[in-house]
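The structure under discussion appears below in the form of structure tokens.
2 protein chains.
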Amino acid sequence: MNRKELINKIQEIHSMLCVGLDTDINRIPQFLKDNYDDPIFEFNKRIIEHTKDKCVAYKFNIAFYESMGPKGWVSLERSLAIIPDDIFTIADAKRGDIGNTSKLYARTFFETYNFDSITVSPYMGSDSLEPFYGYDDKWVIILGLTSNKGSQDFQMQKLQDGREVYKKVIERCVDFGDQTNTMFVVGATQADYIKEVRSIIPDHFLLMPGIGKQGGDLKSSLEFGLNEDYGLLINSSRGIIYSDSSAQFDKSAGLSAQKLNDSIRDHVSF
Amino acid sequence: MNRKELINKIQEIHSMLCVGLDTDINRIPQFLKDNYDDPIFEFNKRIIEHTKDKCVAYKFNIAFYESMGPKGWVSLERSLAIIPDDIFTIADAKRGDIGNTSKLYARTFFETYNFDSITVSPYMGSDSLEPFYGYDDKWVIILGLTSNKGSQDFQMQKLQDGREVYKKVIERCVDFGDQTNTMFVVGATQADYIKEVRSIIPDHFLLMPGIGKQGGDLKSSLEFGLNEDYGLLINSSRGIIYSDSSAQFDKSAGLSAQKLNDSIRDHVSF
Numbered sequence: 026m027n028r029k030e031l032i033n034k035i036q037e038i039h040s041m042l043c044v045g046l047d048t049d050i051n052r053i054p055q056f057l058k059d060n061y062d063d064p065i066f067e068f069n070k071r072i073i074e075h076t077k078d079k080c081v082a083y084k085f086n087i088a089f090y091e092s093m094g095p096k097g098w099v100s101l102e103r104s105l106a107i108i109p110d111d112i113f114t115i116a117d118a119k120r121g122d123i124g125n126t127s128k129l130y131a132r133t134f135f136e137t138y139n140f141d142s143i144t145v146s147p148y149m150g151s152d153s154l155e156p157f158y159g160y161d162d163k164w165v166i167i168l169g170l171t172s173n174k175g176s177q178d179f180q181m182q183k184l185q186d187g188r189e190v191y192k193k194v195i196e197r198c199v200d201f202g203d204q205t206n207t208m209f210v211v212g213a214t215q216a217d218y219i220k221e222v223r224s225i226i227p228d229h230f231l232l233m234p235g236i237g238k239q240g241g242d243l244k245s246s247l248e249f250g251l252n253e254d255y256g257l258l259i260n261s262s263r264g265i266i267y268s269d270s271s272a273q274f275d276k277s278a279g280l281s282a283q284k285l286n287d288s289i290r291d292h293v294s295f
Numbered sequence: 026m027n028r029k030e031l032i033n034k035i036q037e038i039h040s041m042l043c044v045g046l047d048t049d050i051n052r053i054p055q056f057l058k059d060n061y062d063d064p065i066f067e068f069n070k071r072i073i074e075h076t077k078d079k080c081v082a083y084k085f086n087i088a089f090y091e092s093m094g095p096k097g098w099v100s101l102e103r104s105l106a107i108i109p110d111d112i113f114t115i116a117d118a119k120r121g122d123i124g125n126t127s128k129l130y131a132r133t134f135f136e137t138y139n140f141d142s143i144t145v146s147p148y149m150g151s152d153s154l155e156p157f158y159g160y161d162d163k164w165v166i167i168l169g170l171t172s173n174k175g176s177q178d179f180q181m182q183k184l185q186d187g188r189e190v191y192k193k194v195i196e197r198c199v200d201f202g203d204q205t206n207t208m209f210v211v212g213a214t215q216a217d218y219i220k221e222v223r224s225i226i227p228d229h230f231l232l233m234p235g236i237g238k239q240g241g242d243l244k245s246s247l248e249f250g251l252n253e254d255y256g257l258l259i260n261s262s263r264g265i266i267y268s269d270s271s272a273q274f275d276k277s278a279g280l281s282a283q284k285l286n287d288s289i290r291d292h293v294s295f
């Protein structure tokens, strides 16, 4: 999916919502496990059915599928297949390795699974990220300033020129991608820093986790994060998909997505 | 596997060699693809057969298996099953995410696949690494100073106190693990810095890629990296498994492993 299509979709349904499919076998309703061979897929199918008109992106947290062994990857593939073509898909995999290995990761997520995007970890530097580029209409989503407490440990450390490591990452990464093929992860728990991120990359999309369970501040995140093309994908995972553990979980997920959309719309004019 | 068992194994066979199973479907001999349903496993089986008395560890580069779709994970599982119990196994996965996700990655590699260790990326900080701890006789192998050119981009950047980012990573990570459950990746291409790494962590094992195709300097790496318990796992992947593309590839792999062991023995007294 290209940038124009993504922006059009946001405009069309008045939503910047990304639903995170962190589907955990230990947290899905028992009746799905009792009655279906592939309960992970059945859960996702129902969540997708009730949220697909309310979000512009789905983020698959690869850890959850991988933990199921080979059959988890089958569940992933089947779930991907039922996502409408005009919804952006994210492989939240946080990969990154030496060039010949990153090339394989790109092949996996862009070719084998045909995701629109993959999240990558920048620690190993430029030659670990470059292999993810060069695919038409595919996106690289680089960890910038993450939503967790541990972001303080290294990302927020100051370099000798006074800039934090995460800023160096964002500035360096702009060298090999641009706003048509690169996004950055910036946590909504980091509202104070979003303004600074925007001063470096006014035009890029930010993938923003941390709303909901992680306690991020939606209002400030929108205030500082929005740009002329919206420029944000606001992710919620557990807050949506596990909003109810009954057989009505799917309807509740739809309502939670709607509620988050409404909160976003309080601050955004589409 | 615990530290004592690993050291005993090194002592017993006079080897610190780790063979990297970066098994690429595009690089394995045609006859395996023509005659077997699972050519990746068949390749690994033959490599393992000819190297298992010459190495103390096998490192599976997860990217290569993942790129094959669900069947790649079956190949991985089958290959793992034929590795002798007294050989250390590494899931080279470079994972790392917020706590609840890292927990899943730990579950995947330590429980579903029963690896002895996993490589992790420290960018997201302490709470992304902690979930990998707490398993008996399992190891966390943290990226320190990697072997690729891109290690200059962020790892080698100097912080305000004059230390490089990679040193901060190593120093911080020592807080939640010790030499009985933590190793660090330090590239053999970084021989000049190994001495500095050793000044911070004299006792830890280092997993050392970069010998062979990547051009690392074996002699200096050993000179600066060895400690009283050996303290090194020297990895070679492509240099061993692809040393010959004929039907004799497995014998050639064994010879290449032998040759690297001989080079190491020139500098180490076991």
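Sequences listed follow chains A and B, in order.
For the first sequence, the working numbering assigns the number 26 to the initial residue and increments by one for each residue that follows.
For the second sequence, the working numbering assigns the number 26 to the initial residue and increments by one for each residue that follows.
Where a beta carbon is used, it is the ideal one built from N, C-alpha and C, also for glycine.
Within the segment 89-138 of chain A, the runs of beta strand (DSSP E) at least 3 residues long that lie entirely inside it are, in chain order, 113-120. For residue 260 (chain A), the uninterrupted beta strand (DSSP E) segment begins and ends at 257-261. Ranked by Cα distance from residue 114 (chain A), the options A:219, A:202 and A:232 are led by A:232. Distance from the Cα of residue 162 (chain B) is smallest, within the candidate group B:181, B:139 and B:182, for B:139. With a beta-carbon spacing of about 13 Å, residue 288 (chain B) and residue 265 (chain B) fall beyond the 8 Å limit used to define contacts. Residues of chain B with a Cβ closer than 7 Å to the Cβ of residue 137 (chain A) are, in chain order, 92 and 94.
Going by beta carbons, residue 255 (chain A) and residue 26 (chain A) fall outside the 8 Å limit.
Taking the beta carbon of residue 177 (chain A) as reference, the chain B residues within 8 Å of it are 150, listed in sequence order.
When B:186, B:99, B:209 and B:147 are compared, the shortest CA-CA separation from residue 120 (chain B) is found for B:147.
Against residue 88 (chain A), the close residues of chain B are 120, 122, 126, 127, 129, 130 and 133, in the order they occur along the chain (beta-carbon pairs closer than 8 Å). With its beta carbon at least 8 Å from every one in chain B, residue 268 (chain A) lies outside the interface. Interface criterion met: the Cβ of residue 147 (chain B) is under 8 Å from a Cβ in chain A. Burial state of residue 216 (chain B) is buried, judged by a 10 Å Cβ sphere holding 16 or more other Cβ atoms.
Bounds of any beta strand (DSSP E) do not take in residue 69 (chain B); it lies within the alpha helix (DSSP H) bounded by 64-76. According to the DSSP assignment, residue 170 (chain A) belongs to the beta strand (DSSP E) that extends over 164-170. The C-beta of residue 81 (chain A) comes no closer than 8 Å to any C-beta of chain B. Under the three-state reduction of DSSP, residue 43 (chain B) is assigned to strand. The C-beta distance from residue 209 (chain B) to residue 154 (chain B) rounds to 12 Å, too long to fall under 8 Å, and the pair is not in contact.
At a cut-off of 8 Å between beta-carbon atoms, residue 104 (chain A) makes no contact with chain B. Listed along the chain, the chain A residues whose CB falls inside 8 Å of the CB of residue 173 (chain B) are 123, 124, 149, 150, 152 and 153. The three-state secondary structure of residue 272 (chain A), taken from DSSP, is coil.
With a cutoff of 8 Å on beta-carbon distance, residue 150 (chain B) and residue 141 (chain A) are scored as not near each other. Residue 125 (chain B) and residue 101 (chain A) have their alpha carbons spaced roughly 19 Å apart.
The beta carbon of residue 172 (chain B) lies closer than 6 Å to those of 212, 214, 234, 235 and 239 in the same chain, with the five residues before and after it left out.
Under DSSP, residue 83 (chain B) forms a beta bridge with B:44 and B:114.
For residue 98 (chain A), the CB contacts under 7 Å within the same chain, skipping 5 residues up- and downstream, are 90 in chain order. Within the segment 175-224 of chain A, the complete beta strand (DSSP E) runs of at least 3 residues fall at 207-211. Contact annotation for residue 183 (chain B) against chain A: 184 and 185 [CB-CB distance below 9 Å, chain order]. Separation of residue 197 (chain B) and residue 181 (chain A) (C-alpha to C-alpha, rounded to the nearest whole angstrom) is 14 Å.
Taking each of B:35, B:184, B:47 and B:279 in turn and checking the Cα distance to residue 112 (chain B), the smallest one comes out for B:35. For residue 56 (chain A), the uninterrupted alpha helix (DSSP H) segment begins and ends at 55-60.
Between residue 170 (chain A) and residue 176 (chain A), the beta carbon gap of about 6 Å places them in contact (Cβ cut-off 8 Å). In terms of beta-carbon proximity, residue 193 (chain A) lines the interface with chain B, with at least one pair separated by less than 8 Å. Just measuring C-alpha positions, the residue of B:82, B:122, B:63 and B:223 sitting nearest residue 103 (chain B) is B:63. Against residue 52 (chain B), chain A offers no close residue; the least beta-carbon distance is about 10 Å (beta-carbon pairs closer than 9 Å).
For residue 151 (chain A), the uninterrupted alpha helix (DSSP H) run begins and ends at 151-154, by DSSP.
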